[in-house]
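To start, the structure itself, in structure tokens.
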Amino acid sequence: MSPVLPTLKYSQSIMRHPLQQGYSPKEVYPNVCRWYRHIASYKMNLKDLVPVVNSVKSHVNLSSQVKQHKVPQSVQENTPNTDKDAKAALLAVLLVFVGSTTLTSYSLLYYGSAANGAVSLHPYQHLCLTGSDVAKVKKVKDKKEKASGEKTVNIWLFIFLKERIALWDKLKANYEAEINAKTPETIKITLPDGKIVDGQSWRTTPYDVAKGISQGLADNAVISKVNGTLWDLDRPLEGDTKLQLLKFDDNEAQQVFWHSSAHILGEAMERVYGGCLCYGPPIENGFYYDMFITDKQVSNQDFPFVEQLMKSIVKDKQNFERLELRKEDLLEMFKYNEFKVRILNEKVNTPTTTVYRCGPLIDLCRGPHVRHTGKVKALKVTKNSATYWEGKSDAETLQRVYGISFPDPKQLKEWEKFQEEAAKRDHRKIGKEQELFFFHELSPGSCFFLPKGAYIYNTLVEFIKSEYRKRGFQEVITPNIYNAKLWQTSGHWAHYADNMFSFESEKETFALKPMNCPGHCLITRSWRELPLRLADFGVLHRNELSGALTGLTRVRRFQQDDAHIFCAIKDEMLGALDFLRSVYAVFGFTFQLVLSTRPDKYLGEIAMWDEAEKQLADSLNTFGDPWKENPGDGAFYGPKIDITISDALKRSHQCATIQLDFQLPIRFNLGYVSESGDKKRPVIIHRAILGSVERMIAILTESYAGKWPFWLSPRQSIVIPVGPSLDSYAFQVKQKIYDAGFMCDVDVDPGDTMNKKIRNAQLAQYNFILVVGEKEKTAGTVNVRTRDNIVHGEFSAETVAEKFAVLKNNKVIASEENF
Numbered sequence: 001m002s003p004v005l006p007t008l009k010y011s012q013s014i015m016r017h018p019l020q021q022g023y024s025p026k027e028v029y030p031n032v033c034r035w036y037r038h039i040a041s042y043k044m045n046l047k048d049l050v051p052v053v054n055s056v057k058s059h060v061n062l063s064s065q066v067k068q069h070k071v072p073q074s075v076q077e078n079t080p081n082t083d084k085d086a087k088a089a090l091l092a093v094l095l096v097f098v099g100s101t102t103l104t105s106y107s108l109l110y111y112g113s114a115a116n117g118a119v120s121l122h123p124y125q126h127l128c129l130t131g132s133d134v135a136k137v138k139k140v141k142d143k144k145e146k147a148s149g150e151k152t153v154n155i156w157l158f159i160f161l162k163e164r165i166a167l168w169d170k171l172k173a174n175y176e177a178e179i180n181a182k183t184p185e186t187i188k189i190t191l192p193d194g195k196i197v198d199g200q201s202w203r204t205t206p207y208d209v210a211k212g213i214s215q216g217l218a219d220n221a222v223i224s225k226v227n228g229t230l231w232d233l234d235r236p237l238e239g240d241t242k243l244q245l246l247k248f249d250d251n252e253a254q255q256v257f258w259h260s261s262a263h264i265l266g267e268a269m270e271r272v273y274g275g276c277l278c279y280g281p282p283i284e285n286g287f288y289y290d291m292f293i294t295d296k297q298v299s300n301q302d303f304p305f306v307e308q309l310m311k312s313i314v315k316d317k318q319n320f321e322r323l324e325l326r327k328e329d330l331l332e333m334f335k336y337n338e339f340k341v342r343i344l345n346e347k348v349n350t351p352t353t354t355v356y357r358c359g360p361l362i363d364l365c366r367g368p369h370v371r372h373t374g375k376v377k378a379l380k381v382t383k384n385s386a387t388y389w390e391g392k393s394d395a396e397t398l399q400r401v402y403g404i405s406f407p408d409p410k411q412l413k414e415w416e417k418f419q420e421e422a423a424k425r426d427h428r429k430i431g432k433e434q435e436l437f438f439f440h441e442l443s444p445g446s447c448f449f450l451p452k453g454a455y456i457y458n459t460l461v462e463f464i465k466s467e468y469r470k471r472g473f474q475e476v477i478t479p480n481i482y483n484a485k486l487w488q489t490s491g492h493w494a495h496y497a498d499n500m501f502s503f504e505s506e507k508e509t510f511a512l513k514p515m516n517c518p519g520h521c522l523i524t525r526s527w528r529e530l531p532l533r534l535a536d537f538g539v540l541h542r543n544e545l546s547g548a549l550t551g552l553t554r555v556r557r558f559q560q561d562d563a564h565i566f567c568a569i570k571d572e573m574l575g576a577l578d579f580l581r582s583v584y585a586v587f588g589f590t591f592q593l594v595l596s597t598r599p600d601k602y603l604g605e606i607a608m609w610d611e612a613e614k615q616l617a618d619s620l621n622t623f624g625d626p627w628k629e630n631p632g633d634g635a636f637y638g639p640k641i642d643i644t645i646s647d648a649l650k651r652s653h654q655c656a657t658i659q660l661d662f663q664l665p666i667r668f669n670l671g672y673v674s675e676s677g678d679k680k681r682p683v684i685i686h687r688a689i690l691g692s693v694e695r696m697i698a699i700l701t702e703s704y705a706g707k708w709p710f711w712l713s714p715r716q717s718i719v720i721p722v723g724p725s726l727d728s729y730a731f732q733v734k735q736k737i738y739d740a741g742f743m744c745d746v747d748v749d750p751g752d753t754m755n756k757k758i759r760n761a762q763l764a765q766y767n768f769i770l771v772v773g774e775k776e777k778t779a780g781t782v783n784v785r786t787r788d789n790i791v792h793g794e795f796s797a798e799t800v801a802e803k804f805a806v807l808k809n810n811k812v813i814a815s816e817e818n819f
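Here you go:
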């Protein structure tokens, strides 16, 4: 491994970057390129330093450069006489090359590994290499990495980086001139507590306001909200404002924080891999960045090095800067990256869009972001994977790197502990261990439920069906395939056709249904049958991209506990809310309610929306549980109530939905005659409690950690004989329990002792273990114990079945204790 060169005592006196001293690029770049090519060709062992300096001298007049840049006299000798002088000469070359005075950073940046110390960001944009230079340097770098087994940074600079930053600087200057030309006016800034403070338009920022309250608030704020819209803390306010300051404990602030962290990761990836960045969004638990790399793959062995680079970027406290630029300028700025060009041409439908910069990284981004990279106090690169551009299997393969970050190192430690527990509970792992389900490449995204998994599936469906009978729902069975005309009428064909499996038959286009609602609109009734509550467990198919398929949480084939209520709102919302509360109580879930109101783009009349939102709010108030409002987040066709559940690990999941729909009744010309004889239009309530049954099974698997409650368990009981002579009696007991309607197995493996069989049953999560010996056979009983080793004693098989029935019918969660 190359040595870490120490910081020299006189290094601080060495020159500033030549461009900072007024020299033009034309005067500097030629020599810099020559110096770089020769320095990069050496492994930089201590003995190599003198030849490197001599090699550099053979291409440039070092003594002249030394005089220009005030390098110490000891470096001006023709040949360095000591290791110390050799290091100083090398340092002089490197500093002309990149413009820093910290040698320890450079020893790592160019020749060392991440274990050797911190990495500092350097002004790459001053370097200009030709395409052939880049190819040669990459070849040398790859050869060195292969020989040493260590990762190093790409220190070449693509021409695109210099041009990208130069264009940014030019456009930023224009933007700042426009802002400075605006005449500031006094504005009113209303804080959440109702207090009003004065500010100046185009000058005062949310950070200024926060700092005026307290420095602690300003430091802890992640992002602001201006009139309900997320807003950069350093972005000037433009008019009268209702201002909110969000900390990391706010969900939206977390997403902003992780989005900013994704940019830090993107900057590091650009420096390490040199590929084309694609998408880098925040996700539910962290962030990722995709990159197109032509000549290599990301390895988890790279993670420590990438992390160290990210930490150096954090240490630099690079400001996040925002510009709104014309599409033409952005196409020029990102012309080196075909993926960004595609986004601009295919996704951006406005004359302008925003870009953000931190350090040398500039990326297309809606934002907003934290103030600077230093806000991230703890981070971790977590995993990598391959994916496809926009999830399409016929598109380019991309390398995806995931990460997590926090504003406090303690939070990262807590997260790591949480991840250890979550990994143990992963539904894919438990599903395999408990033989519940599997997937096959011949039907991607479509689950094979094995007998014990099918038992859970069917039990959930039967549970919801039993609730339907209590609540006046009528179950229907509808077609799986519809003519495309149905979807054209409903409006789905124009917006959702790419997500549907369609085919041609007899010169007509058909599609597998991705939802039930349009089909239910074909079922008409008179007013006397309203409210009409239609339930449907029909199989649905959605053409999810193969790269997005994830266990049971993202599939192509699934079933929903789907229902549509054709009604006049008033009395149905409370029933829907009560339904979800009763179901989630059985699962042991808590839930949060959010009313999402009219978005900017909506269909229908404002008066109709206002009345519907009022009725939803009234229903929530009557229901009694706390709820929040999320202005502008409703669907375009009607307001909705979003329900988020919390599982045993305090993770949030959105499964249930209660949505009002004004548009489908209009599109299908649905109507009814009221009691007064007037013709009226019904409203449709879209309602699901489980949501996708497949996804709910994934959530329940992880929440219970595979320790299923008795009523839902596919392994409710097992009979274990103490010896082979009791096998026949064990099977008799098993049959009685099974005939009574409960899951029951027998373990008569002659190779295991009784204690081993009991332990195996406990590990397999059998709720009850029924041990039988000669005593039990004579008495016609079983000895009952649980998976948690609670011994309940002797009972007849009939009594056991009766107790099982109580546990199952009452859906007791702690069934083993309450036997």
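If you use UniProt numbering, the sequence shown corresponds to residues 1 to 819, in order.
Note that CB positions come from ideal geometry on N, CA and C, so glycine has one too.
In this text the structure is predicted, and so the values were computed from the model without any measurement.
| Item | Value |
| --- | --- |
| Just the Cα atoms here: how many angstroms apart are Asp169 and Leu237? | 23 Å |
| Run through DSSP, which three-state label would Pro282 get? | strand |
| Give me the DSSP bridge partner(s) of Val376. | Looking at the DSSP assignment, Val376 forms no beta bridge with any residue, so it has no partner. |
| What does the alpha-carbon distance come out to for the pair Pro451 and Val784? | 25 Å |
| In whole angstroms, what is the alpha-carbon distance linking Lys429 and Pro282? | 25 Å |
| Per DSSP, what kind of secondary structure is Asp625 in: helix, strand or coil? | coil |
| On the three-pair Cβ rule with 8 Å, is the stretch 238-245 touching the stretch 176-190? | yes |
| Check whether the stretch 627-643 touches the stretch 595-610, taking contact to mean three or more Cβ pairs, one atom from each stretch, closer than 8 Å. | yes |
| Are Gly538 and Thr478 close, meaning C-beta to C-beta below 9 Å? | yes |
| Which residues share a DSSP beta bridge with Met515? | DSSP lists no partner for Met515. |
| For the beta strand (DSSP E) containing Arg687, name the first residue and the last one. | 683-692 |
| Between Glu776 and Glu794, how many whole angstroms is the CB-CB distance? I'm expecting something under 8 Å. | 7 Å |
| Count the other CB atoms, across all protein chains shown, that sit within 10 Å of the CB of Val376; report buried if there are 16 or more and exposed otherwise. | buried |
| When DSSP labels each residue in this structure, what does Gly266 get in the three-state scheme? | helix |
| CB Phe320 to CB Leu277, shorter than 9 Å? | no |
| I need the straight-line Cα distance from Phe768 to Glu475, nearest angstrom please. | 35 Å |
| Quick one: what's Phe448 bridged to in DSSP? | Phe438 |
| Please tell me whether Phe418 and Ala378 are closer than 9 Å, where the distance is taken between their beta carbons. | no |
| Are the stretch 680-699 and the stretch 398-414 in contact at 8 Å, needing three or more beta carbon pairs? | no |
| If we require 3 or more residues per run, which beta strand (DSSP E) segments fall completely within the stretch 457-509? | 481-483, 502-505 |
| With three or more beta-carbon pairs closer than 8 Å as the criterion, would you say the stretch 657-664 touches the stretch 678-688? | yes |
| Can you tell which of Ile569, Asp234, Gly374, Tyr289 has the C-alpha that lies nearest to the C-alpha of Tyr273? | Tyr289 |
| Could you work out which residue in His492, Ala268, Asp578, Leu344 is closest to Tyr402 when comparing CA atoms only? | Ala268 |
| Taking only the alpha-carbon atoms, compute the straight-line gap between Val226 and Trp609 and give it to the nearest angstrom. | 24 Å |
| So, using beta-carbon positions, are Ile684 and Cys521 closer together than 9 Å? | yes |
| What are the start and end residues of the beta strand (DSSP E) that includes Glu794? | 791-796 |
| Run through the DSSP bridge pairs and tell me what Leu762 is partnered with. | Sequence inspection shows Gln at residue 762; the Leu mentioned does not correspond to that position. For Gln762, which the question treats as bridged, DSSP gives no partner whatsoever. |
| DSSP has Thr786 in a bridge; who is on the other side? | Phe768 |
| I'd like the list of long-range same chain contacts for Gly184, defined as Cβ closer than 7 Å, with 5 residues on each side in sequence excluded. | The question names Gly, yet the displayed sequence has Pro at residue 184. The answer, listed in chain order, is Gln200, Ser201, Trp202, Arg203. |
| Please classify Leu763: is it buried, with 16 or more other beta-carbons within 10 angstroms of its beta-carbon, or exposed? | exposed |
| Considering only residues of the same chain and omitting the five flanking positions on each side of Glu270, which have a CB-CB separation below 7 Å? | Leu277, Leu361 |
| If you draw a straight line from the alpha carbon of Asn384 to that of Lys335, how long is it in whole angstroms? | 27 Å |
| Could you tell me the alpha carbon to alpha carbon distance between Pro724 and Ala386, rounded to whole angstroms? | 53 Å |
| So, for Gly22: in the same chain, excluding its five sequence neighbours on each side, which residues have a beta-carbon less than 8 Å away from its beta-carbon? | Low local confidence applies: a pLDDT of 39 at Gly22 is under 50, so the model's placement there is unreliable, with the coordinate-based value given in what follows. Excluding positions up to five away in sequence, the list is empty. |
| Could you pull the start and end residues of the beta strand (DSSP E) that Thr397 belongs to? | 397-406 |
| Kindly identify the DSSP beta-bridge partner or partners of Leu277. | Met291 |
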